[in-house]
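Contents: one structure, followed by commentary.
Numbering (our numbering), first residue to last: 25 to 664.
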């Protein structure tokens, strides 16, 4: 007996009666146990693979004929299972396991129906050790089907690859095999651009496979290196209905239909881009792809209704989250590429305003608020962007509101696919970091902040363990970079000195560093008599304070990555004390400050020359190098 001109697939060890059927082979209906049904399912597909391998070696049979038989056997395998009763009523299609897969498209035909049912049953088999042995053949089989011109065969090929690529028991080997096949990867990337509604399932499954490939560093580089890959991925992001007057050809159809799964493709496209963006060079490629970055920024938009809803749509929140994560990754890129990307992101008129809405109404979505604030921080590395953020109405006000938020906020958001949630204190901390960055070397932003009248609350926050570091940073920058005509806003800042001096005498690392920096700025607003009164009122002897500064230099004899401005601030403070009170010169001499300053001069580093860093690259250089400060301090100590 033959099937399509070839021998029927051998069903090893079955011993079951076989009868003819107008559509192929059917097993005589006889009751089978569960184990027998599973074995039959495996046998049907494995027979097709073996038949293909035998067909390759037949000298009398052309290659095309062997491939035809392979596909015929897969189809007949479905008929065999349907006729025996394993798949239920012949032709019945069970509901897909996932809503995003959609229903089988009309016009697929009986063979297509049987292939879908056959594949679904095959991949529900529990004898994974048997399937593992057949994995290599199945993946090869699926790769061949992927290259077919038949939509039915493309569908079953994509489905097999997707099932293996998304199952942790088989994914590593499957992704390795796909990743080493340039033709398969190119075909999968090409499928991302198939916008015919009838090919929706193929396109979605191809996107799932590509997203898994992009999760592996080497494969991610391979995907990004395929010509036109970024354009194909960009096609997954659909931000509106295209005009009906536009003409579409064959595989370039965009469906203006309500049942087309735009949300599934949008989320998958953002996921692929997020994984690809883990590589610095790929961020540049994303930025250079025409129209892609504006699409990504469009997805950062969330309405007040969505953010305040008791049960927001999962896809909407997840889409905003992924787009914010992606924008953040691109904004934190280093070097010339990073500068270019930050400029392009900040110049998009929707970026800052979209984040502002999240800050205003996103109390229920702390993870979105944190991502939005972190994007502002990254953009603020550039002076022009700093000004743009500060001049956008309401942004500074909302950041202060989040920073001073006292009520414990319960995070009702489910952090879709991004690990643990975010608590309120974490968001408050990043809000403080953003405010400190926005005030850095920007007198206009300093003026805007001072006009909000938050100095009193900032001083109070110096006693809050979660806020004191960033509160000190903000106050220091406001004192250092405000214009003289704004100094009256800072008149009451001296009330912070008891807390600041206590921190200098007792704390370490970041809090110690920012406390010294803030004390330097506050002392600039004080006369020599006022400085002495401050020490007396807080029961701190100036000789003890001088000894503490020398002790700090002994601890930090090398530049510190955690607090790179420590030695700079200590040296500045010593100069200020010696300049205001000659007795301090004797105090420092007694404690051998000159020896510690010489060690500083011999160990200075570029690390100490910048306010902030982008990766390992310094941003915003200090006006005065540490070496010059050391020379000035030594001159005071040498004076008779």
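Each residue gets a CB set at the ideal place from its N, CA and C atoms; glycine is no exception.
- Three-state secondary structure (DSSP) of residue 642: Counting from 1 along the chain shown, the entry for residue 642 is found at position 618. Note: residue 642 maps to strand in three-state DSSP.
- At a cut of 8 Å, does the stretch 547-559 reach the stretch 511-530 through at least three beta carbon pairs? yes
- Where the alpha helix (DSSP H) containing residue 190 begins and where it ends: On the chain shown, residue 190 is found 166 positions in, with the first residue counted as 1. It spans 175-190 - the alpha helix (DSSP H) in which residue 190 sits, taken as one unbroken run.
- For the putative contact between residue 474 and residue 502, defined by C-beta atoms under 8 Å, what is the C-beta separation to the nearest angstrom? Taking the first residue of the chain shown as 1, we reach residue 474 at position 450. Taking the first residue of the chain shown as 1, we reach residue 502 at position 478. That belief holds up - the Cβ atoms of residue 474 and residue 502 are roughly 6 Å apart, short of 8 Å.
- Would you call residue 385 buried or exposed, if buried means 16 or more other Cβ atoms sit within 10 Å of its Cβ? Residue mapping note: residue 385 aligns to position 361 of the chain shown, counting from 1. Flag for residue 385 reads buried.
- Message: Quick check: the Cα distance between residue 630 and residue 583, rounded to an integer number of angstroms?
- Response: What you label residue 630 is simply residue 606 of the chain shown in a count that begins at 1. What you label residue 583 is simply residue 559 of the chain shown in a count that begins at 1. Using only the alpha carbons, I get a separation of about 9 Å.
- Look at the alpha carbon of residue 439 and the alpha carbon of residue 617, and state the distance between them as a whole number of angstroms. Counted from its first residue, the chain shown places residue 439 at position 415. Counted from its first residue, the chain shown places residue 617 at position 593. Because residue 439 carries a pLDDT of 42, less than 50, the predicted location of this residue cannot be relied on, and no value is offered for it.
- Local conformation of residue 202 per DSSP, three classes: Taking the first residue of the chain shown as 1, we reach residue 202 at position 178. Helix at residue 202.
- Task: Would you grab the beta carbon distance between residue 451 and residue 426 for me? Rounded to a whole angstrom, and I think it's under 8 Å.
- Result: Position 427 of the chain shown, counted from the start, is the residue given in the question as residue 451. Position 402 of the chain shown, counted from the start, is the residue given in the question as residue 426. So it is a contact: roughly 6 Å between Cβ atoms.
- Message: Quick check: the Cα distance between residue 258 and residue 317, rounded to an integer number of angstroms?
- Response: For the purposes of this step, residue 258 is identified with residue 234 of the chain shown, where counting begins at 1. For the purposes of this step, residue 317 is identified with residue 293 of the chain shown, where counting begins at 1. Rounded to whole angstroms, residue 258 to residue 317 spans 9 Å at the Cα level.
- Pull up the distance between the alpha-carbon of residue 588 and that of residue 632, whole angstroms please. In the chain shown, residue 588 corresponds to position 564, counting from 1. In the chain shown, residue 632 corresponds to position 608, counting from 1. Near 5 Å, if we compare the C-alpha coordinates of residue 632 and residue 588.
- Task: Please name the residue, chosen from 635, 604, 578, 590, that lies closest to residue 622 on a Cα-to-Cα basis.
- Result: Against the chain shown, residue 622 aligns to sequence position 598. Closest option to residue 622, Cα to Cα, is 578.
- Message: Assuming contact is defined by CB atoms lying nearer than 9 Å, are residue 506 and residue 467 in contact in what I supplied?
- Response: Here residue 506 is taken as the residue at index 482 of the chain shown, counted from 1. Here residue 467 is taken as the residue at index 443 of the chain shown, counted from 1. Against a cut-off of 9 Å, the Cβ pair of residue 467 and residue 506 comes out as a contact.
- Item | Pick from 339, 662, 402 that is closest to residue 364, judged by C-alpha positions | As a working note, residue 364 is residue 340 in the chain shown. Ranking 339, 662, 402 by Cα distance to residue 364 puts 402 first.
- Query: So the alpha helix (DSSP H) residue 563 belongs to, where does it begin and stop?
  - Reply: As a first step, residue 563 must be located in the chain shown, where it is residue number 539. Careful: residue 563 lies outside any alpha helix (DSSP H) and carries neither H nor E.
- Message: Give me, in chain order, the residues of the same chain whose beta-carbon lies closer than 6 Å to that of residue 256; leave out the 5 immediate sequence neighbours on both sides.
- Response: Position 232 of the chain shown holds residue 256. Once the five neighbours on either side are set aside, the close Cβ partners of residue 256 are 213, 216, 217.
- Task: Kindly indicate the opening and closing residues of the alpha helix (DSSP H) around residue 349.
- Result: Counting from one through the chain shown, the residue named residue 349 turns up at place 325. Run containing residue 349: 338-355, per the alpha helix (DSSP H) assignment.
- Query: What did DSSP end up calling residue 194 once you bin it into helix, strand or coil?
  - Reply: Residue mapping note: residue 194 aligns to position 170 of the chain shown, counting from 1. Residue 194 falls in the coil class under three-state DSSP.
- Is DSSP giving residue 428 helix, strand or coil here? The residue given as residue 428 occupies position 404 in the chain shown. Of the three classes helix, strand and coil, the one that applies to residue 428 here is coil, per DSSP.
- Item | Same chain only: Cβ atoms within 6 Å of residue 472, ignoring 5 sequence neighbours per side | Position 448 of the chain shown, counting from 1, holds the residue named residue 472. Within the same chain, residue 472 has close Cβ partners 414, 420.
- What residue from 646, 362, 651 has the CA that sits closest to residue 406's CA? Your numbering for residue 406 matches position 382 in the chain shown. Cα-wise, what sits closest to residue 406 is 362.
- Reference residue 447; option with closest CA among 395, 302, 495, 551: What you label residue 447 is simply residue 423 of the chain shown in a count that begins at 1. Checking every option, the nearest Cα to that of residue 447 belongs to 395.
- Is residue 574 helix, strand or coil when you go by DSSP? Working through the chain shown from its first residue, we reach residue 574 at position 550. Helix, per DSSP.
- Task: Please determine, among 661, 537, 637, 662, the residue with the shortest C-alpha to C-alpha distance to residue 669.
- Result: Residue 669 lies beyond the range of the chain shown here (25 to 664); nothing can be said about it.
- Alpha carbon to alpha carbon, what distance is there between residue 303 and residue 368? For the purposes of this step, residue 368 is taken as the residue at position 344 of the chain shown. For the purposes of this step, residue 303 is taken as the residue at position 279 of the chain shown. Taking the straight line from one Cα to the other gives about 19 Å.
- Task: Evaluate residue 459 with the Cβ neighbour count: other Cβ atoms within 10 Å of its Cβ, from every protein chain shown; 16 or more gives buried, anything less gives exposed.
- Result: Numbered from its first residue, the chain shown carries residue 459 at position 435. Label assigned to residue 459: buried.
- Quick one: what's got a C-beta closer than 6 Å to residue 26's C-beta in the same chain, skipping five residues either side? Reading the chain shown from its first residue, position 2 is the one you call residue 26. In this prediction, residue 26 has a pLDDT of 40, which is less than 50 and means its spatial position is unreliable; what the coordinates show is noted afterwards. Correct list: empty, nothing qualifies.
- Name the two residues that bound the continuous alpha helix (DSSP H) containing residue 250. As a working note, residue 250 is residue 226 in the chain shown. It is not in any alpha helix (DSSP H) - residue 250 carries neither H nor E in the DSSP assignment.
- Relative to the C-alpha of residue 540, which residue among 550, 521, 463, 552 is closest? Counting from 1 along the chain shown, the entry for residue 540 is found at position 516. Of 550, 521, 463, 552, the residue nearest in Cα terms is 521.
- What separation, rounded to the nearest whole angstrom, lies between the Cα atoms of residue 609 and residue 345? Locating residue 609 in the chain shown gives position 585, counting from the first residue. Locating residue 345 in the chain shown gives position 321, counting from the first residue. Answer to the nearest angstrom: the Cα atoms are 56 Å apart.
- Answer with buried or exposed for residue 393, where buried requires no fewer than 16 other C-beta atoms within 10 angstroms of its C-beta. For the purposes of this step, residue 393 is identified with residue 369 of the chain shown, where counting begins at 1. Residue 393 is buried by the Cβ-count criterion.
- Query: If you run the structure through DSSP and keep just helix, strand and coil, what is residue 286?
  - Reply: Taking the chain shown and counting its residues from 1, one reaches residue 286 at position 262. DSSP places residue 286 in helix when its eight states are reduced to three.
- Helix, strand or coil: which one does DSSP assign to residue 635? Here the question's residue 635 lines up with position 611 in the chain shown. Strand at residue 635.
- Message: Any beta carbon from chain D within less than 9 Å of residue 247's own beta carbon?
- Response: Of the chains in the structure shown, none is chain D; there is only one protein chain.
- Query: In terms of alpha-carbon separation, which member of 644, 625, 654, 627 lies closest to residue 634?
  - Reply: On the chain shown, residue 634 is found 610 positions in, with the first residue counted as 1. The option with the nearest alpha carbon to residue 634 is 644.
- Item | Close-in-space but distant-in-sequence residues of the same chain around residue 657 (CB under 7 Å, 5 per side omitted) | Taking the first residue of the chain shown as position 1, residue 657 is located at position 633. These residues qualify, in order along the chain: 595, 598, 599, 621.
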